[in-house]
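For reference, the structure is listed below as structure tokens.
Protein chains in written order, with my numbering: chain A, 1 to 326; chain B, 1001 to 1326; chain C, 2001 to 2326; chain D, 3001 to 3326.
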């Protein structure tokens, strides 16, 4: 893709790297899924910068919800949810580098209806969440057919297939944190921009980075308001790479048309502040803006995308069109 | 515009109303600006449903910042900021009705450079806001030329002219609240969708509604992160109307392609909840969805727009494409 | 009281002022209650610094809940709740002064059971508050006998009579804001320390200050978690005074043993920050601490009291024992 | 202690258990400190219910700040802070039990001045915390003499010695989370009530519970507002026990005079809700209250204590006097 000639990857001198080996990580090779992002598990795969990976992911329920009669409270056992593929070791990655994940494709897999959404008791953006005395809303499961042609929401509504990776990131240095949580290492950001056509950058904190992913969505509204998107098992195709010595504090993302900083925190305004501060600093460090000018430009032309407002941290991205970056 | 044949206005039986009188409310007729949204002032104009209004608005600084040397701390005196045109009495409006404001045009006025943005001490999304011990960032003013051709941000960057009304709404029943605040009555929402082509609905709380407006922006990024957009004096053209007996709790907005509920609160997630709950209820009441289905549809296809994350309440809108509403 | 010899009042030179006139403001003289804190009403009483006031207040429901069968949704009509006595004009008060309110006594009045608490639909700290889809908890009213001997909570539990003024403050300059809201002018702070034995200081924003009060509580837990304390009609005895030119940004309070700064905001941590920052500055301005030392002392010896976590703003006080102030 | 005859421990049938073995866990036996609360480390000690433990803890800086010239940015290396003793395996503990930790004594140790507080860049309740553009406040360290006679804050101020364990808890089931974080497992709650005379209950999530502790404070104000209390190395004496099958969701605490539920979350109001909801449920389950009565009693007589407003989660406790429990 031609836009990559001016991308961060290009600016950082690795755009021309030839494509490396291809790896396939299917369910059998993965063996047991991972449920934390952490440094304590053994890698299931070891790759080199430039390699292409084809990875099978489970849906967020580990496939336990097969029909609309499989209520979450019956078939799920906490904390064994949101299973992840990985960790995948990336040779040469060290604390202080940035891991580059280029998302090439997301293909739904498994028997139809492959897509699942649900009302889970005491979970979601518009219900009492384990802090109030109100009785929970009734549980409910909705299964949907999901193909590249669309997400069949109901007889009269078919939503566009707009797949992305709900949970993607690297290991913290010391901690092993639930795959339900988004944070500076990525994780459960549920951000629709983490989609084919995007390159995502993560701060490496331990040797070999330890990449994890899972939780693909056939489509999702901003905020994932009930807490469960169109959850699908999928085959994901990625290309990984490495930018040595690029110290970033939070995940960043780039497409043909924009750059984006991603913050995760509570309350939600803290996620906004993290994202916009990181974007301001990115404009200063990489695009030659004086800090106040960058702050003004974000004020007049910044764009925000809300990932989730339901997870242990909320995720918000702040973006700037490349058209304004000269 | 043909889309209005299926709009709320049409559903509520007033779409075909013929255009009424035209009124002009210029600075001279306004006299003193209003600084609160409230029921205690005398109306400066009285109109009928269906009437068209051409209104001159001041910029958020009341024109006091003429050059980049006019620092806010020198030329502004709190709480005399964000001057508003109004109140405009709408005949026949009663508590329990919805006021309809169709935005037809926003024209910049005044000598160039008409646009102003600024760093104001202890104000804005990325600075310590009167609650911390850090010293403030230095004040700074930036003036920009603003015409229909664009906002001249700098020598190399011209942003598209994308004007909207930053502060627009009706009077509360008992309270008279600063024009800096957004709430259920509208007010300082700083939401870029409040723009030509949109119809905005407000809950009437007092007899004759008392419409106020001001604070036009030549363009603005999502969140208005430094706290000050491209502030311009403007001439605004509106058409007002009335839907009798349509009880709405928060402002709603409609364009050719989407419907939108607008919430304002702190912390920001509460604004999200207000907006999405209102959208769910709108889908149920007006479009025949069962509540859980509406919640699921918002989860899979809702879109969010962040107005501001800097005012006394933060403003977030939740939207649904009409394409999904059958 | 001897401690007042070293109080702010003494430091500011008005401690020795002789007691002025006595005024009685009963329900008849009040006439209609006030429902907003604002500058637009006519004063019901005009007093001088040093005067003593005996004031009859209504309970937060305006006496409409007489028995446990009087459900709030039946007998209350929003926004006509939390009626206030006032405004009381204080001669000589100007913007930039501090109004001194010394609380001398609170006496329950009216027929027994005088105390009321209630579960109000969609209101309170542990219920879904107009932002969620959960159905509300059932309404309920509980009446309690309240005398100086105690609050008879149930057959087996009598709570100590610990009365305070739930809503107390002065007018903003331009705004007229609901008596349900606490803010920099005081208002509905629901802070149990606003009790006999305390002196409270408010920032004057308009000529003659315009003092309001109401909403007395027979006792209350920290946070007023269900949203309704032991609401009582009462007779309050105050002494008002004036400190010319003492610019304070938020209410402050003083007792024999401590000084206290009071913040109101959302989210709750912002109220904490406001209160502690104000306390730090108070230690610096009035007690000779260097700023970092004041910050350290608050960290090691500050005490917090939570007023409410249910009103439009949450209220938190930060206090320092006078024993540490030398 | 006689009050224990009516304690939870007594109600749950283990009050009379005879004292078991005594164990000493000094620095040498601990070897390397732990920096996460998690299930992946090997226990450093294995004890039985009823056993008494004498444990040496490091201060939150691992002793790296010896003088006021040892600035945090120079001598600390993230994430290697807040070192913990443990994990200590408790035989027989299983998921679904409650671990009982009775705090018997906290003795300062090490050369004087043993106490340390500090301003750390971009950390603390009244400074910009990695989300804003303001420059940080200057770093500063303050050393204090700490003995059982008091904390020598300055020449003129000696604060009472009021020691407690800042960080105390058990392992999550799957996660290994930084010792800087408080959550449902306890951890860095910084709650001054976790002191000699208290019994603390924790939800066991993995076999043998895995108890961790560290971060003792010589004294601390509510909220630990600058982020650093009077940090001391200490010798802690505990007695551990086990209540089989007592499912609790969050830590609970009991003293002679009160019971207390402890919540940790952001924003702060969520910590309040967690704590009060848990207290309501405790009153219902253990003390025979109907739920609404328990909610009313908390509203009228609940007491709150703020632990910290500076850590990754904020910690708030809600308490009820035993005097009201019959």
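We put the CB at the ideal spot given by N, CA and C, even for glycine. Because the structure is a prediction, the values reported are computed rather than measured.
Identified DSSP bridge partners for residue 1123(B): Here residue 1123(B) refers to the residue found at position 123 when the second chain is read from its first residue. Bridge pairing for residue 1123(B): absent [DSSP].
Top-ranked residue by Cα proximity to residue 2278(C), from 2235(C), 2151(C), 2206(C), 2295(C): Translated into positions along the third chain, residue 2278(C) becomes position 278. Nearest option by C-alpha distance: 2295(C).
Buried versus exposed, by CB contacts within 10 Å (16 or more), residue 3104(D): Residue 3104(D) sits at position 104 when you count from the first residue of the fourth chain. Of the residues assessed, residue 3104(D) falls on the exposed side of the cut-off, its CB having fewer than 16 other CB atoms within 10 angstroms.
Neighbour flag for residue 1208(B) against chain C, beta carbons, 8 Å: Translated into positions along the second chain, residue 1208(B) becomes position 208. No, residue 1208(B) lies away from the interface with chain C (no Cβ there is under 8 Å from its Cβ).
Residues that DSSP places opposite residue 3165(D) in a beta bridge: Counting from 1 along the fourth chain, the entry for residue 3165(D) is found at position 165. For residue 3165(D), DSSP records a beta bridge to 3216(D).
Minimum Cβ-Cβ distance from residue 1171(B) to chain C less than 8 Å: Translated into positions along the second chain, residue 1171(B) becomes position 171. Using beta-carbon distances, residue 1171(B) does not count as an interface residue toward chain C, since no partner is under 8 Å.
Length at least 3, wholly inside the region 3022-3072 of chain D: the beta strand (DSSP E) runs in chain order: If only uninterrupted beta strand (DSSP E) runs of at least 3 residues are considered, those enclosed by the region 3022-3072 of chain D are 3022-3025, 3045-3047, 3052-3057.
Chain D residues whose Cβ lies nearer than 7 Å to that of residue 1128(B): Here residue 1128(B) refers to the residue found at position 128 of the second chain. Residues of chain D passing the Cβ test: 3128, 3132, 3134.
Inter-residue Cα distance where the pair is residue 149(A) and residue 58(A): Here residue 149(A) refers to the residue found at position 149 of the first chain. Here residue 58(A) refers to the residue found at position 58 of the first chain. Spanning the two alpha carbons is a distance of roughly 21 Å.
For residue 3270(D), three-class secondary structure by DSSP: Position 270 of the fourth chain, counting from 1, holds the residue named residue 3270(D). Three-state DSSP puts residue 3270(D) in a helix.
Contacts of residue 267(A) in chain C (Cβ-Cβ under 8 Å): In the first chain, counting from the first residue as 1, residue 267(A) sits at position 267. The CB of residue 267(A) comes closer than 8 Å to the CB of 2267 in chain C, given here in chain order.
Cβ neighbour criterion (16 or more within 10 Å) applied to residue 111(A): On the first chain, position 111 is the one that residue 111(A) refers to. Residue 111(A) sits exposed, since fewer than 16 C-beta atoms from the chains shown fall within 10 Å of its C-beta.
Where residue 2142(C) meets chain E, residues with beta-carbon distance less than 9 Å: This model lacks chain E altogether, as its protein chains are A, B, C and D.
Which residues DSSP lists as bridging residue 2178(C), in chain order: Here the question's residue 2178(C) lines up with position 178 in the third chain. Paired residue(s): 2036(C).
Three-state secondary structure assigned by DSSP to residue 2158(C): Within the third chain, numbered from 1, the residue matching residue 2158(C) stands at position 158. Residue state for residue 2158(C) is assigned as strand, using DSSP reduced to three classes.
Same chain only: Cβ atoms within 7 Å of residue 3153(D), ignoring 5 sequence neighbours per side: The residue labelled residue 3153(D) in the question sits at position 153 within the fourth chain. These residues qualify, in order along the chain: 3144, 3159.
Where residue 184(A) falls: helix, strand or coil (DSSP): By 1-based counting over the first chain, the position of residue 184(A) is 184. Reduced to three states, the DSSP call for residue 184(A) is coil.
Cβ pair residue 2222(C), residue 3130(D) closer than 8 Å: Taking the first residue of the third chain as position 1, residue 2222(C) is located at position 222. Taking the first residue of the fourth chain as position 1, residue 3130(D) is located at position 130. Their beta carbons are not under 8 Å apart, which means residue 2222(C) does not touch residue 3130(D) by this criterion.
Per-residue burial, residue 3318(D) [other beta carbons within 10 Å of its own, 16 or more giving buried]: Indexing the fourth chain from 1 puts residue 3318(D) at position 318. Buried, by the Cβ-count rule.
Cβ neighbour criterion (16 or more within 10 Å) applied to residue 1005(B): Residue 1005(B) sits at position 5 when you count from the first residue of the second chain. Residue 1005(B) should be labelled exposed.
Beta-carbon neighbours of residue 3222(D), restricted to chain C and to distances below 7 Å: Your numbering for residue 3222(D) matches position 222 in the fourth chain. Within chain C, the residues near residue 3222(D) are 2302, 2303, 2304.
Inter-residue spacing [alpha-carbon to alpha-carbon] between residue 2092(C) and residue 2038(C): Locating residue 2092(C) in the third chain gives position 92, where the first residue counts as 1. Locating residue 2038(C) in the third chain gives position 38, where the first residue counts as 1. Their backbone Cα atoms lie some 18 Å apart in a straight line.
Residue 234(A) beta carbon less than 8 Å from that of residue 106(A): As a working mapping, residue 106(A) is identified with position 106 in the first chain. As a working mapping, residue 234(A) is identified with position 234 in the first chain. The answer is yes: Cβ separation under 8 Å.
Cβ neighbours of residue 2022(C) in the same chain (closer than 6 Å, five flanking residues each side left out): Your numbering for residue 2022(C) matches position 22 in the third chain. The beta carbon of residue 2022(C) sits closer than 6 Å to those of 2052, all from its chain and outside the five residues before and after it, given in chain order.
Three-state secondary structure (DSSP) of residue 3201(D): The residue given as residue 3201(D) occupies position 201 in the fourth chain. Residue 3201(D): strand per DSSP, three-state reduction.
Cβ shell of residue 1166(B) (< 6 Å), same chain only, five flanking positions each side left out: Within the second chain, residue 1166(B) is the residue found at index 166, counting from 1. If we look at residue 1166(B) and ignore the five residues flanking it on each side, its Cβ neighbours are 1190, 1215, 1217.
Alpha-carbon spacing of residue 2224(C) relative to residue 1266(B), whole angstroms: Walking along the third chain from the start, residue 2224(C) turns up at place 224. Walking along the second chain from the start, residue 1266(B) turns up at place 266. Going by the C-alpha atoms only, they are around 20 Å apart.
Residue burial classification, residue 247(A) (beta-carbon count within 10 angstroms, cutoff 16): Position 247 of the first chain, counting from 1, holds the residue named residue 247(A). Classification for residue 247(A): exposed.
contact_flag[the region 2061-2076 of chain C, the region 2199-2213 of chain C] where n(CB pairs < 8 Å) is 3 or more: The region 2061-2076 of chain C vs the region 2199-2213 of chain C: no contact.
Buried versus exposed, by CB contacts within 10 Å (16 or more), residue 1018(B): Taking the first residue of the second chain as position 1, residue 1018(B) is located at position 18. So residue 1018(B) ends up on the exposed side.
Under 7 Å from the C-beta of residue 1229(B): neighbouring residues of chain A: Residue 1229(B) sits at position 229 when you count from the first residue of the second chain. Taking a Cβ-Cβ cut-off of 7 Å, the neighbours of residue 1229(B) in chain A comprise 299, 300, given in sequence order.
Cβ pair residue 2263(C), residue 2275(C) closer than 8 Å: Working through the third chain from its first residue, we reach residue 2263(C) at position 263. Working through the third chain from its first residue, we reach residue 2275(C) at position 275. The Cβ atoms of residue 2263(C) and residue 2275(C) sit closer than 8 Å to each other.
At least 3 beta-carbon pairs within less than 8 Å: the region 2077-2095 of chain C vs the region 2178-2196 of chain C: Segments in contact, yes.
Cβ-Cβ distance between residue 2241(C) and residue 2087(C) below 8 Å: Indexing the third chain from 1 puts residue 2241(C) at position 241. Indexing the third chain from 1 puts residue 2087(C) at position 87. Against a cut-off of 8 Å, the Cβ pair of residue 2087(C) and residue 2241(C) comes out as no contact.
Assigned exposure category for residue 321(A) - 16 Cβ within 10 Å defines buried: Here residue 321(A) is taken as the residue at index 321 of the first chain, counted from 1. With fewer than 16 Cβ atoms within 10 Å of its Cβ, residue 321(A) is classed as exposed.
Member of 2230(C), 2172(C), 2232(C) whose CA lies at the smallest distance from the CA of residue 2204(C): For the purposes of this step, residue 2204(C) is identified with residue 204 of the third chain, where counting begins at 1. Comparing Cα-Cα distances from residue 2204(C) to each of 2230(C), 2172(C), 2232(C), the minimum goes to 2172(C).
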